[in-house]
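Presented below is the structure to which this report refers.
Chains as they are written, first to last, in our numbering: chain B, 1 to 341; chain X, 1001 to 1398.
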């Protein structure tokens, strides 16, 4: 029944487009302020990115981005309404204004910006597709997988990447396609497939949830590049900027050593970069339509990028993914933010 | 009613234009059409405008683009380099396959259940009754998941697949049978088979006409003998043509079997669930149909000395069909529509493949419109066929 529910939701979203003016690109901020909350399109449960706990409280990298936005706008990280979306329904939800932004570990691709009417703001996690398989199969690398049955989630870049990979290596495979990530993982667990394909981060988080994690191995090769990030509708540059700078504030804070714990002390810092970031010098935040202390609020309520990473997917979590490509540029990674000045 | 007096004729005809029910009806209908088409026009215009405003591409051009994704079951040739349009057809064929299989099997099973429910034997009728009550009252999606998990967990893993007769394999990956491979000379065999079949049909026809004219049909032994001759003839041609059909047995690969034809567990589970669920409903339709035929008909049959089986076959069921057929039509339509639930267990039918297309291209409105048009077309075709069949059955009564 759940599935039909989703079809129904998708159809009604599409129907919404027939209504005159329903989709006029207006200032998203006005709507958010009138509503008193940001509606954030998240996943239906991918540990480390967006997952609800038993009390319905959401956590994850993407959730913390939404919380950062709410902190910047309302000075209250809890003013977020989470809208769990399947991979298949997410773009329709964004297009029809059912959500203000999509923070749903979504891959930034050219096609999505060229024909779906959306813009990706930043990359909050550099990822790539990888394969998870049973250790007992004794697979050493991805090229050994010829002839395997592969469980894959519908409507994702993986569906295309896996086909590309096997085509490029002239190998055969059997795709078994499910609608939600959970159904896909369940089919892998029951033995329907030899291999589960997902973003590497999602594979690690899924492996940690399996009954015997040590029986499974995530192959080290990445078969694609998956820059994951939040996306907004085209045509509202102010809102796009706010989403961008929320992420950049967290990166800059990490770079400058501003943390959730020391942000109040840091207000008395003499470092001009820190003073600009915290809104003590200049008035950059108001230019974006936020307050002067916007970045202060983000760090105070949510933390800097390093803290967010650590508690959701890093060493402070069960998933324990190394920083590598997601380390700051100063430490050999790709996370880099334009300066606040 | 105005009276037709010569003096008032002009007056009546003038008022009649406004009050004439025919004219009024026509004007109202025309107005309704105008309003409806305007609403449809502005809805489409708005949607197109809104999409353009949001820079979302629209139109059906995407159907010619390369799809780039794999589909696990394709009855027509499929590869990732083919187009989205082709992928949609692959999904449509899969939908049709499971629908047709479920319609055929559930009709047979449903008739058996419906008749069994009315059987004088207590055990048989109670078994049929409990089957109907249990299956009809559980949600279909639940049953699909049940059969899927039941099949997946009951079957051995692929590397210890159950081997039947050396070349048939059964495992969690499905039932794999040898693949027939066509060799040169197959065309000769095909033509010869057609010729033998044609002669057979002519003989049957001739004997039927002869029986109607003279009352003497072909005796059973003669017809059996002729059939044996036909089979022997075909066998001889097969050998002479150099055995043009070979069976290629599947080989155990590293992960799966390679070669052979595989029936996916998703298909099996889905076809079983859909068949069992629909058969329970059809069973009730059949029972209602049979009970709807007057008791006198059975009694009349009995007084003619017919046996119970013959009464059912010659008297009751032909009349019950007139009650059964219209209800069966909507049952068949339900089966076609329920086939969209296959997506829940990863059976690559129309909604599953279409969903992937929708997501990869973002053409939500177009794909949903295609879904609607496709299901509507299948359903209308099914109804037309059933209505034609219903009319034919109705004509038989004299």
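Ideal placement from N, C-alpha and C gives every residue a C-beta, glycine not left out.
With respect to the 9 Å criterion, residue 242 (chain B) and residue 196 (chain B) are not classified as neighbours on the basis of their beta carbons.
In the three-state DSSP reduction, residue 99 (chain B) falls in the coil class, being neither helix nor strand.
Residue contact check for residue 127 (chain B) against chain X: no CB pair falls below 9 Å. Around the Cβ of residue 1228 (chain X), a 10 Å sphere holds fewer than 16 other Cβ atoms; the residue is exposed. Nearest Cα to residue 178 (chain B) within the set B:167, B:198 and B:168: B:198. Residue range 1084-1117 is occupied by the alpha helix (DSSP H) that includes residue 1117 (chain X). Put simply, the backbone Cα of residue 1331 (chain X) is about 13 Å away from that of residue 1136 (chain X). Selection B:161, B:162 and B:210 evaluated against residue 185 (chain B) yields B:210 as nearest (Cα-Cα).
Inter-residue distance for residue 1233 (chain X) and residue 1077 (chain X) is about 34 Å (C-alpha atoms, whole angstroms). The continuous beta strand (DSSP E) containing residue 1182 (chain X) extends over residues 1179-1182.
Residue state for residue 188 (chain B) is assigned as helix, using DSSP reduced to three classes. Residue 1070 (chain X) carries a coil assignment under DSSP once its states are collapsed to helix, strand and coil. Within chain B, no C-beta atom comes less than 7 Å from the C-beta of residue 1248 (chain X); the nearest is roughly 16 Å away. Non-local C-beta neighbours of residue 1017 (chain X) in its own chain, meaning closer than 8 Å and more than five positions away in sequence, comprise 1023, ordered along the chain. In the DSSP assignment, residue 1295 (chain X) falls within the unbroken alpha helix (DSSP H) covering 1295-1303.
With distances taken between CA atoms, residue 86 (chain B) lies nearest to B:106 out of B:76, B:106, B:80 and B:131. At a cut-off of 9 Å between C-beta atoms, residue 1343 (chain X) counts as an interface residue with respect to chain B. Around residue 1056 (chain X), the beta-carbon contacts reaching into chain B at under 8 Å are 95, 115, 116 and 117.
In the structure shown, residue 227 (chain B) adopts extended strand secondary structure according to DSSP, grouped into three states. A Cβ of chain X is located within less than 9 Å of the beta carbon of residue 145 (chain B).
Under the Cβ distance rule, residue 194 (chain B) counts among the residues neighbouring chain X, one pair being separated by less than 9 Å. Assigned with DSSP and collapsed to three states, residue 130 (chain B) falls in strand.
Cα atoms of residue 1130 (chain X) and residue 1275 (chain X): separation of roughly 16 Å, rounded to the nearest angstrom. Listed along chain B are 149, 174, 175, 176 and 177, each with a C-beta nearer than 9 Å to that of residue 1072 (chain X). Between the region 140-147 of chain B and the region 250-265 of chain B there are fewer than three C-beta pairs closer than 8 Å, too few to call the two in contact. Positions of the beta strand (DSSP E) runs, each at least 3 residues long and wholly inside the region 1127-1170 of chain X, are given as 1162-1164 in order along the chain. For residue 1077 (chain X), the nearest beta carbon of chain B is not closer than 9 Å to its own beta carbon.
Judged by pairs of C-beta atoms under 8 Å, the region 321-337 of chain B does not touch the region 64-79 of chain B, as fewer than three such pairs exist. Residue range 173-178 is occupied by the beta strand (DSSP E) that includes residue 175 (chain B). If you draw a straight line from the Cα of residue 1116 (chain X) to the Cα of residue 1280 (chain X), it is about 12 Å long.
For residue 233 (chain B), a Cβ of chain X is located within less than 9 Å of the residue's own Cβ. One alpha carbon belongs to residue 238 (chain B), the other to residue 291 (chain B), and they sit about 14 Å apart.
About 6 Å separates the beta carbons of residue 1265 (chain X) and residue 1152 (chain X), which is inside the 8 Å limit, making them a contact pair. In this structure, DSSP gives residue 1347 (chain X) a state outside helix and strand, which the three-state scheme calls coil. Taken atom to atom, the span from the alpha-carbon of residue 331 (chain B) to that of residue 36 (chain B) is near 39 Å.
Per DSSP, reduced to three states, the secondary structure at residue 104 (chain B) is strand.
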